[in-house]
Each structure stands twice: as structure tokens, then as C-alpha cells.
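*Asks:* Chains as they are written, first to last, in our numbering: chain W, 1 to 245; chain E, 1001 to 1053. For every residue, glycine included, the Cβ atom is placed at its ideal position computed from N, Cα and C. Please read through the structure below; I'll follow up with questions.
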Amino acid sequence: MAINWFKYSAPSAFYNLAGKVIPWFAVPATILFVAGIYTGFFVAPSDAQQGEAYRIIFIHVPASILSMFLYLVMAAYAALGLIFNTRLSSMMATALAPTGALFAFVSLWTGAFWGKPMWGAWWVWDARLTSELILLFLYFGFIALHASIDDVRRADRAAALLAIVGAVNVPIIYFSVRWWNTLHQGATIKFTGTSMHIAMQQAMFMLLLAGWLYAVAVTLFRVRSIILEREKNTRWVAELVEVQQ
Amino acid sequence: MNWADFFNMGGYAFYVWGAYGVSLSVFIIEVLMVRHKRTVTLRQVRLLNRAGE
């Protein structure tokens, strides 16, 4: 086990590593996405109560899980950057924020399109929906705060504090359906197992995995641009083949 | 089940395709945006480099 992980905390080494591994995430993400959609629409049966409308679950649940998961990953990177003063950690947090915000948006959007036919309302000020909306605003707040401070290292520190404090919202979203009486249904996947049809489970897990792989690929792609931007005055950037062209 | 039934989604076509269509578009737009950002960033870095030479 002679891998020196600290080597990759240097932006120059990580820039090259990220460039190499992106296809290893992007290609399986595409394959799993197609397989998951196929299973969700052509293999999984109709729902006894909700007919075909329930098929929104295959995108709604993975997007919701990822919106929360990516927030925690973003907050963890931000905290690492704050504590150890590592530039790359802060760059990763910045790169994760837009993708996390997109997943939160997709969660809310698909939720509205599911809520309208099932509950009769696009939106209700319910504990689960409201806390997910707050999550989207936390992502926006992180992005806006970071963009509003000129000194990039100060921006990293201020945004990191916001991300860490905001992390308290994630368990609130997760447990909201248990703590409060809400219109939103209970957890679909429980630690004790699930009551779903096997093909429904497969479709959901394939799309969850596809979403995770997609998030990794697109974040690594974005962080490479952020690294270039922040390191533009260094020798190693000047010597890159893509810069020399 | 034929294709017309499939697209009809048991009467929920607007909701199902509205949810999937927008979600898919959002991800496609994100991919285009990160690619655009890379093109723009590389162009800036090249210009800076040439100015410094």
C-alpha cells in the first residue's frame, strides 16, 4: 500500500488524476442511467394505488438522497479546507455546490409534479418539503457568499462556515417524516428493508448509482477549471499541453 | 402495451414526462455548462500566458 494520498492534495497532481478518472465515472453513469430508465418504465409493474404516476419515484428519490449526500460531502470538504487550510479541499467544496443545488432542484421539481396528481397541490408548506427547499437555499447561499468575496481564501473560509452550520438541516430533512405529522409519505428505503417490488428497487438503485457517478464526474470536470483559474499564475499550469496549444 | 398507451402513462403523461423531461434537460445543461466553463478558462489562461511571455 504505497499510495501516497497526500500527493493528490496538491492541485497540480489532482488536476491530472481527475482528468484521467472522469471517463471511469461518466461511462458507467450513462450505462446505468439507460438501464435504470429501462427497468423503471418497461420492467417495473404499475403501482396498485398510484397507477403510472408513481414512476416519478425513480428520479425523485435518488435526486433527494443525492441532494442531501452531496451537501454533507461539500460541508466535509469545506471543513477540511477550514481546519487544515488545504486549497484543494475548498476547491472541491466550490465544485460540488452547483451539482448539489441541481439535485435539490430536481428533487423539488419532481416532487411537485408528483404531488399535484396525488395530493392535489404542487406545493405544501410541509416539514419535508420546506426543509428540502431550505437545502436548495443553503446551496445558493454558499455559491453567492463565495462569489461575493474577492479574496478567494477568505471566500473559502466564510462559505465553509455557512456550509458547516447548514449541515444541521440534513438530518432535519431525513427525519422530518418521523418527527412531524406530514403529508409526505414515510421513508421508501428503511434500514430494515423495503416493501417495494424487486424491479422497482432495482430501477431506483441503478438511478441512484448513476446519479452518484454523474455527480463525481461532473464535479471533477468542474474542479479542473477551478484549479486552472486559481493556479493560473503558476509554472505547472503554464507548462500544460492544453495551455501551450 | 402499445406506444400510445406508454406515452399516455395511464393519464398521468403531463406529470410523468414533465418530471422526467425537465430533470433530464437540467443535467444536459449542466454538462454543457461545465464544458463551456473549461473552454473559457483555458482561453483565459492561454491569453495570460502569452501576455507574460
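Please tell me whether W/T110 has its Cβ less than 8 Å away from any Cβ of chain E.
*Replies:* For the purposes of this step, residue 110 of chain W is taken as the residue at position 110 of the first sequence. It does; some Cβ of chain E falls within 8 Å.
*Asks:* Starting from the C-beta of W/G36, find all residues in its chain whose C-beta is less than 6 Å away, skip the five residues before and the five after it, and write them out in chain order.
*Replies:* Here the question's residue 36 of chain W lines up with position 36 in the first sequence. Taken in chain order, the residues that qualify are A203, M206, L207 and A210.
*Asks:* Which residues, taken in chain order from the stretch 211-239 of chain W, show a beta carbon closer than 8 Å to some beta carbon of chain E?
*Replies:* Y214, V218, F221, R222, R224, S225, L228, E229, K232, N233, V237 and A238
*Asks:* Between the Cα of E/S1023 and the Cα atoms of W/S64, W/S12 and W/K7, which residue gives the shortest distance?
*Replies:* Residue 1023 of chain E sits at position 23 when you count from the first residue of the second sequence. Among W/S64, W/S12 and W/K7, the Cα nearest to that of E/S1023 belongs to W/S64.
*Asks:* Which same chain residues, not among the five before or five after W/D126, have their C-beta less than 7 Å away from its C-beta?
*Replies:* As a position in the first sequence, residue 126 of chain W is number 126, starting the count at 1. If we look at W/D126 and ignore the five residues flanking it on each side, its Cβ neighbours are T182, L183 and H184.
*Asks:* With distance defined between alpha-carbon atoms, name the residue in W/V218, W/Q244 and W/I227 nearest to E/L1032.
*Replies:* Along the second sequence, read from residue 1 onward, the residue named residue 1032 of chain E stands at position 32. Minimum Cα distance to E/L1032 is reached at W/V218.
*Asks:* Are W/A79 and W/I164 close, meaning C-beta to C-beta below 8 Å?
*Replies:* Indexing the first sequence from 1 puts residue 79 of chain W at position 79. Indexing the first sequence from 1 puts residue 164 of chain W at position 164. Using a Cβ distance threshold of 8 Å, W/A79 and W/I164 count as a contacting pair.
*Asks:* Contact criterion: CB-CB distance below 8 Å. Does W/A53 meet it with respect to chain E?
*Replies:* As a position in the first sequence, residue 53 of chain W is number 53, starting the count at 1. Yes, its Cβ sits closer than 8 Å to a Cβ of chain E.
*Asks:* In chain E, what lies closer than 7 Å to W/E242 by C-beta?
*Replies:* To locate residue 242 of chain W, count along the first sequence from 1; it is residue 242. The contacting residues are L1042.
*Asks:* Figure out for me which residue from W/Y174, W/P11 and W/L162 has the closest Cα to the Cα of W/M68.
*Replies:* Here residue 68 of chain W refers to the residue found at position 68 when the first sequence is read from its first residue. Minimum Cα-Cα distance from W/M68 among the listed residues W/Y174, W/P11 and W/L162 corresponds to W/Y174.
*Asks:* Would you say E/L1048 reaches chain W, if we count a Cβ-Cβ gap shorter than 8 Å as a contact?
*Replies:* Numbered from 1 along the second sequence, position 48 holds the residue referred to as residue 1048 of chain E. Yes - at least one Cβ of chain W is within 8 Å of the one on E/L1048.
*Asks:* Cβ of W/I22 within 7 Å of any heavy atom in the ligand COA?
*Replies:* As far as ligands go, the structure on display features none, and thus does not contain the ligand COA.
*Asks:* Please tell me whether W/P117 and E/Y1012 are closer than 8 Å, where the distance is taken between their beta carbons.
*Replies:* Position 117 of the first sequence, counting from 1, holds the residue named residue 117 of chain W. Position 12 of the second sequence, counting from 1, holds the residue named residue 1012 of chain E. Closer than 8 Å, so yes.
*Asks:* In or out: W/T39 buried (at least 16 other Cβ within 10 Å) or exposed?
*Replies:* Indexing the first sequence from 1 puts residue 39 of chain W at position 39. Per the 10 Å Cβ criterion, buried.
*Asks:* Can you tell me whether W/D126 is helix, strand or coil according to DSSP?
*Replies:* Sequence index remark: in the first sequence, residue 126 of chain W carries index 126 (1-based). Here W/D126 sits in coil by DSSP.
*Asks:* So who's on the other strand from W/D47, going by DSSP bridges?
*Replies:* Taking the first residue of the first sequence as 1, we reach residue 47 of chain W at position 47. Bridge partners of W/D47: W/G51.
*Asks:* Below 7 Å on C-beta distance, what does W/P117 contact in chain E?
*Replies:* Within the first sequence, numbered from 1, the residue matching residue 117 of chain W stands at position 117. Residues of chain E passing the Cβ test: Y1012 and Y1015.
*Asks:* Could one say the Cβ of E/A1019 lies closer than 8 Å to chain W's Cβ atoms, at least one of them?
*Replies:* Along the second sequence, one-based indexing puts residue 1019 of chain E at 19. Yes - at least one Cβ of chain W is within 8 Å of the one on E/A1019.
*Asks:* I need the straight-line Cα distance from E/G1018 to W/R55, nearest angstrom please.
*Replies:* Position 18 of the second sequence, counted from the start, is the residue given in the question as residue 1018 of chain E. Position 55 of the first sequence, counted from the start, is the residue given in the question as residue 55 of chain W. Going by the C-alpha atoms only, they are around 12 Å apart.
*Asks:* Once you ignore the five residues that flank W/F25 on each side, which residues in its own chain have a CB closer than 6 Å to its CB?
*Replies:* For the purposes of this step, residue 25 of chain W is identified with residue 25 of the first sequence, where counting begins at 1. Excluding sequence neighbours, W/F25 sits near L213, V216 and A217.
*Asks:* Cβ closer than 8 Å: which chain W residues qualify as neighbours of E/S1025?
*Replies:* Residue numbering aside, residue 1025 of chain E sits at position 25 when the second sequence is read from its first letter. Contacts between E/S1025 and chain W, judged by CB atoms closer than 8 Å, are missing: the closest CB pair is about 10 Å apart.
*Asks:* What three-state label does DSSP hand W/T110 in the structure shown?
*Replies:* For the purposes of this step, residue 110 of chain W is taken as residue 110 along the first sequence, with counting starting at 1. Reduced to three states, the DSSP call for W/T110 is helix.
*Asks:* If you draw a straight line from the C-alpha of W/L220 to the C-alpha of W/T130, how long is it?
*Replies:* Indexing the first sequence from 1 puts residue 220 of chain W at position 220. Indexing the first sequence from 1 puts residue 130 of chain W at position 130. Those two C-alpha atoms are separated by around 30 Å.
*Asks:* Which bits of chain E does W/V106 rub up against, with CB to CB less than 7 Å?
*Replies:* What you label residue 106 of chain W is simply residue 106 of the first sequence in a count that begins at 1. Ordered by position in chain E, the residues that pass the 7 Å Cβ test against W/V106 are S1023 and V1026.
*Asks:* Below 8 Å on the Cβ atoms is my guess for W/Y71 versus W/V168; work out the distance and round it to an integer in Å.
*Replies:* Along the first sequence, read from residue 1 onward, the residue named residue 71 of chain W stands at position 71. Along the first sequence, read from residue 1 onward, the residue named residue 168 of chain W stands at position 168. Actually they are not in contact, since the Cβ atoms of W/Y71 and W/V168 sit about 11 Å apart, beyond 8 Å.
*Asks:* Scan the stretch 88-104 of chain W for residues whose Cβ lies nearer than 8 Å to a Cβ of chain E and list them as they occur along the chain.
*Replies:* P98, T99 and L102
*Asks:* Would W/I172 and W/A158 qualify as a contact pair, given that the criterion is a beta-carbon distance under 8 Å?
*Replies:* Numbered from 1 along the first sequence, position 172 holds the residue referred to as residue 172 of chain W. Numbered from 1 along the first sequence, position 158 holds the residue referred to as residue 158 of chain W. W/A158 is positioned such that its CB atom lies no closer than 8 Å to that of W/I172.
*Asks:* Spell out whether any CB of chain E is found under 8 Å from the CB atom of W/I143.
*Replies:* For the purposes of this step, residue 143 of chain W is taken as residue 143 along the first sequence, with counting starting at 1. By this cut-off, W/I143 is not an interface position.
*Asks:* To the nearest whole angstrom, what separates the beta carbons of E/L1048 and W/E242, a pair I think is in contact under 8 Å?
*Replies:* Stepping through the second sequence from its first residue, residue 1048 of chain E is reached at position 48. Stepping through the first sequence from its first residue, residue 242 of chain W is reached at position 242. Not really, about 14 Å apart at Cβ, beyond 8 Å.
*Asks:* Since W/W114 meets chain E, which of its residues come closer than 8 Å, beta carbon to beta carbon?
*Replies:* The residue labelled residue 114 of chain W in the question sits at position 114 within the first sequence. Correct list: Y1015 and A1019.
*Asks:* Express the C-alpha separation of W/A121 and W/G115 in angstroms, rounding to a whole number.
*Replies:* Here residue 115 of chain W refers to the residue found at position 115 of the first sequence. Here residue 121 of chain W refers to the residue found at position 121 of the first sequence. Approximately 6 Å between the Cα atoms of the pair.
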